[in-house]
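Asker:
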Amino acid sequence: MESTHPTHGDAGAATPGAQRRVLVVEDDPTIADAIAARLRAEGFQLKIAGDGPTAVDTALAWQPDLLVLDVMLPGYDGLEVCRRVQAQRPLPVLMLTARDDETDMLVGLGVGADDYMTKPFSMRELAARVHVLLRRVERATIAARDPRSGNLQLGDLEIDHSQRRVRVRGADVHLTPTEFDLLVCLAQQPRAVLSREQLLAEVWDWADASGTRTVDSHVKALRRKIGAERIRTVHGVGYALETPAP
-11 MESTHPTHGD AGAATPGAQR RVLVVEDDPT IADAIAARLR AEGFQLKIAG
39 DGPTAVDTAL AWQPDLLVLD VMLPGYDGLE VCRRVQAQRP LPVLMLTARD
89 DETDMLVGLG VGADDYMTKP FSMRELAARV HVLLRRVERA TIAARDPRSG
139 NLQLGDLEID HSQRRVRVRG ADVHLTPTEF DLLVCLAQQP RAVLSREQLL
189 AEVWDWADAS GTRTVDSHVK ALRRKIGAER IRTVHGVGYA LETPAP
């Protein structure tokens, strides 16, 4: 069952989320309505889908800019929704999970989610993360148009900034937008140790150190794709990208 909450009108026109479309996929009406109310107040256009098949159909027809996606859904689960939607058209996905289980988080990141939140969560933080994900997309679009954007070659790891593509030993590696930005952040200072707080601030635009577990989960997901040996952990500090000796 789907409900539509358009936000055309004067109230949201000047807000940061104006004209942006967010599809909320959540089968609990109370949670879905609370998320929708908060994001409408931020100026977003909203639709709600309460099951997996409706979510995929709505994403295809409505072309949202971002997906807020619960893992547990009727029809098929949020992981399958994420796979199908990302196959249609890549877009940022904020996944919601009822379990504080890093394995579940890594699976979600592996199918294309960009970020996750564990229930219960504050609506203020959810809105902040939505804004951050959309700002990242905007920055990526601007960077892709910049003629100064080029390729960065670090041994057999190649980062193409303009096309936002990564190759390892000549083979394309699919990264989510967040994973790409995390890799670029590390690659800009190869071998330098960047703290979790630095990465959180530069990649996620967060100043709250309580989110550093998010960094750890994304690093693990990135290692799975480019090779665990490429990212060195400095215990108690952060991470560094290993590169061949000059």
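So for the sequence shown, this note's numbering puts the first residue at -11; every next one is plus one.
No residue lacks a Cβ here, since even glycine has one placed at the ideal position from N, Cα and C.
So for Met111, helix, strand or coil by DSSP?
Answerer: Residue state, collapsed to three classes: helix.
Asker: Within 10 angstroms of its Cβ, does Thr18 collect 16 or more other Cβ (buried), or is it exposed?
Answerer: Flag for Thr18 reads exposed.
Asker: Determine, using beta carbons only, whether Leu11 and Ala49 come nearer to each other than 8 Å.
Answerer: It is not a contact, given that the beta carbons lie outside the stated cut-off.
Asker: Measure the CB-CB distance between Val161 and Ile214 and report whether it falls below 8 Å.
Answerer: In contact: Val161 and Ile214 (Cβ atoms closer than 8 Å).
Asker: What residues in its chain sit with their C-beta under 7 Å from that of Ile147, if we drop five residues either side in the sequence?
Answerer: These residues qualify, in order along the chain: Asn139, Leu140, Val154, Leu171, Val172, Ala175.
Asker: Would you mind working out which of Val207, Ala159, Val181 sits nearest Asp169, comparing C-alpha positions?
Answerer: Of the listed residues, the one whose Cα sits closest to Asp169 is Val207.
Asker: Would you please state the rounded distance, in angstroms, between the beta carbons of Asp15 and Asp58? I believe it to be under 8 Å.
Answerer: Yes, they are in contact, since the Cβ atoms of Asp15 and Asp58 sit about 7 Å apart, within 8 Å.
Asker: Would you please state the rounded distance, in angstroms, between the beta carbons of Leu114 and Ile23? I believe it to be under 8 Å.
Answerer: Contact holds; Cβ gap of about 7 Å.
Asker: Once you ignore the five residues that flank Val246 on each side, which residues in its own chain have a CB closer than 6 Å to its CB?
Answerer: This structure gives no information on residue 246, because the portion of the chain shown stretches from -11 to 234.
Asker: With DSSP as the reference, please indicate the residues paired to Asp160 in a beta bridge.
Answerer: Bridge partners of Asp160: Arg155.
Asker: Are Leu79 and Leu55 close, meaning C-beta to C-beta below 8 Å?
Answerer: Contact: yes.
Asker: What is the DSSP secondary structure of Gly40, counted as helix, strand or coil?
Answerer: In the structure shown, Gly40 sits in a helix (DSSP, three-state: H, G or I).
Asker: Using CA atoms only, rank isn't needed, just tell me which of Pro52, Pro178, Arg9 is closest to Val73.
Answerer: Considering only alpha carbons, the answer is Pro52.
Asker: Please list, in chain order, all residues of the same chain as Gly(-3) whose beta carbon is under 7 Å from its beta carbon, the five residues on each side excluded.
Answerer: Caution is warranted here: a pLDDT of 34 is assigned to Gly(-3), below 50, making its placement in the model unreliable, and no coordinate value can be reported.
Asker: Apart from the five residues on each side of it in sequence, which residues of its chain come closer than 8 Å, Cβ to Cβ, to Thr200?
Answerer: Same-chain partners within the cutoff: Arg184, Glu185, Leu188.
Asker: Among the candidates Arg127, Ser150, Thr231, Gln177, whose CA atom is the shortest distance from the CA of Trp192?
Answerer: Selected option, being the one with the closest Cα: Arg127.
Asker: Check for me: the beta strand (DSSP E) holding Val81 runs from which residue to which?
Answerer: From DSSP, the beta strand (DSSP E) with Val81 extends over 81 to 85.
Asker: List in chain order: all unbroken alpha helix (DSSP H) runs of 4+ residues lying wholly within the region 162 to 214.
Answerer: Runs found: 165 to 175, 184 to 192, 200 to 214.
Asker: Go to Gly216, then tell me how far its beta strand (DSSP E) extends in each direction, as first and last residue.
Answerer: Checking the sequence, you will find Ala at residue 216 rather than Gly. It is not in any beta strand (DSSP E) - Ala216 carries neither H nor E in the DSSP assignment.
Asker: Gly66 to Ala101, Cα distance in whole Å?
Answerer: Each residue's alpha carbon lies about 10 Å from the other.
Asker: May I ask which residues mark the beginning and end of the beta strand (DSSP E) holding Gly226?
Answerer: Where Gly226 is concerned, the enclosing beta strand (DSSP E) stretches over 226 to 229.
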